[in-house]
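Asker: Quick one: this structure, given as structure tokens, is what I'll be asking you about.
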Amino acid sequence: MRKADRRVLLVATAVMILIVVLVVLALRATSQETDSDTLVVAVTILPQAGFVEAIGGDRVEVLVMVPPGASPHIYEVTPDQMIKLSRAKMYVKVGLPVEFELAWMDKLIAANESMHVVNCSEGIQVLEMDENHHDHDHEQDHGHTGLDPHIWLSVRNAAIMVQNICAGLVRVDPANQDYYEENRDDYLEQLEKLNSEIEESLSDVENRRFIVFHPAWGYFARDYDLIQIAVEQDGKEPDIDYRIRLIEEAREHHIRVVFLSPQYPTRSADVIAREIGGRVVIIDPLAKDFIGNMRVVASAMKEAMQ
Ligand SMILES: [Zn+2]
Numbered sequence: 021m022r023k024a025d026r027r028v029l030l031v032a033t034a035v036m037i038l039i040v041v042l043v044v045l046a047l048r049a050t051s052q053e054t055d056s057d058t059l060v061v062a063v064t065i066l067p068q069a070g071f072v073e074a075i076g077g078d079r080v081e082v083l084v085m086v087p088p089g090a091s092p093h094i095y096e097v098t099p100d101q102m103i104k105l106s107r108a109k110m111y112v113k114v115g116l117p118v119e120f121e122l123a124w125m126d127k128l129i130a131a132n133e134s135m136h137v138v139n140c141s142e143g144i145q146v147l148e149m150d151e152n153h154h155d156h157d158h159e160q161d162h163g164h165t166g167l168d169p170h171i172w173l174s175v176r177n178a179a180i181m182v183q184n185i186c187a188g189l190v191r192v193d194p195a196n197q198d199y200y201e202e203n204r205d206d207y208l209e210q211l212e213k214l215n216s217e218i219e220e221s222l223s224d225v226e227n228r229r230f231i232v233f234h235p236a237w238g239y240f241a242r243d244y245d246l247i248q249i250a251v252e253q254d255g256k257e258p259d260i261d262y263r264i265r266l267i268e269e270a271r272e273h274h275i276r277v278v279f280l281s282p283q284y285p286t287r288s289a290d291v292i293a294r295e296i297g298g299r300v301v302i303i304d305p306l307a308k309d310f311i312g313n314m315r316v317v318a319s320a321m322k323e324a325m326q
């Protein structure tokens, strides 16, 4: 081998070694970022994911158990989610009879016993499913028997949930306490503003009843002094008798909108809407952007009830 050739070989080898070293360093940096720096927080539903991200910012990575479009009343966890869950440091549960949690919570905890479980409903005044629901006298059990699990659909409740989440984050990651509490205070301020906005916009609505297929808006109705009328009976399609009474009630109170969740598509909402000479309007009980979605819902309700 000539001297010049040997020099080229040496330089090439040195460059190769340098590249390998750089790649290894880069890989190690990224794996540290995803594995040890960010805190994996699992939640049941998307609105909770929005809350956790608002408080945790770039310090958290959120794993949503019931993904977009799915219903927390019937969803089943995938093996892939179980693997991801094993990295979670904290689980944020609704803490009320949501079918998903009734069916899965024990298994999720068994899969990762070290994660800290935050109960979002702690400190919230929980309503009975029927309390704000309907004035008809049906004695049968309800789809959600007993307590109304849809606590997140209330700005007042959201403020409590956010405080519970913040306390949980501080507990599992005390080094970042100031950061979390600052974000919490910012978010609480936004919620307060949102609440007075909605209160004001709904204050002059005379007809305060609304019809919704799946009765997820009981807390919203309580907060703003509205009356929620559910189409569903026992979490199922209504029978003929009930449907007739519902249509009578709608006509009597000049209700022209049937609200429907995108997660529960059904033809019978169209049928009822047609019979009352009205229309179906979609409102989402599971949007991740809580504040934006509540604005949309409030204006849809105002429009429907005017
Ligand atoms: Zn529901």
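Residue numbers for the sequence shown follow this note's numbering, beginning at 21 and rising by one.
Where a beta carbon is used, it is the ideal one built from N, C-alpha and C, also for glycine.
It should be emphasised that the depicted structure is a prediction, and the values quoted were computed from it without experimental measurement.
Whole angstroms is fine: what's the gap from Ser141's alpha carbon to Leu116's?
Answerer: The straight-line gap from Cα to Cα measures roughly 7 Å.
Asker: Looking only at its chain, what residues have a beta carbon closer than 7 Å to the beta carbon of His154, apart from the 5 residues adjacent to it on each side?
Answerer: Any answer about His154 is weak, because its pLDDT of 46 lies below 50 and its placement is not dependable; what the coordinates show is given next. If we look at His154 and ignore the five residues flanking it on each side, its Cβ neighbours are Ile249, Ala250.
Asker: To test your reading of the DSSP string, which unbroken beta strand (DSSP E) runs of 3 or more residues are found completely within the stretch 49-91?
Answerer: Here the runs fully enclosed are 59-63, 80-84.
Asker: Give me the Cβ distance between Ser174 and Phe233, rounded to the nearest whole Å; I'm assuming they're in contact under 8 Å.
Answerer: Wrong, their Cβ atoms sit about 19 Å apart, outside the cutoff.
Asker: Using the C-alpha atoms, what's the distance from Ala32 back to Val114?
Answerer: Whole-angstrom Cα-Cα distance: 59 Å.
Asker: Flag this pair as yes or no: are the beta carbons of Met314 and Leu222 separated by less than 9 Å?
Answerer: Not closer than 9 Å, so no.
Asker: Is any heavy atom in ligand 1 found nearer than 8 Å to the beta carbon of Ala62?
Answerer: No, ligand 1 has no heavy atom inside 8 Å of this Cβ.
Asker: Would you say Ile302 and Ile267 are within 9 Å of each other, going by their C-beta atoms?
Answerer: It is not a contact, given that the beta carbons lie outside the stated cut-off.
Asker: Which residues, in chain order, sit with a beta-carbon under 6 Å away from any heavy atom of ligand 1?
Answerer: In chain order, the hits are His93, His170, His234, Ala236.
Asker: What are the boundary residues of the beta strand (DSSP E) that Arg299 is part of?
Answerer: Start and end: 299-302.
Asker: On the three-state DSSP scale, how would you describe Ile296?
Answerer: Three-state DSSP puts Ile296 in coil, outside helix and strand.
Asker: Could you tell me the distance, in whole angstroms, from the CA atom of Met325 to the CA atom of Phe230?
Answerer: Roughly 7 Å between the two C-alpha positions.
Asker: Would Glu53 be called buried (16 or more neighbouring beta carbons within 10 Å of its own) or exposed?
Answerer: The predicted model places Glu53 with a pLDDT of 44, which falls under 50 and marks its position as unreliable, so this point remains unresolved.
Asker: What residue range does the beta strand (DSSP E) around Tyr111 cover?
Answerer: Note, Tyr111: beta strand (DSSP E), 110-113.
Asker: Between the alpha carbons of His16 and Glu119, how many angstroms are there, rounded?
Answerer: This structure gives no information on residue 16, because the portion of the chain shown stretches from 21 to 326.
Asker: Pick helix, strand or coil for Asn139, following the three-state DSSP scheme.
Answerer: Asn139: strand per DSSP, three-state reduction.
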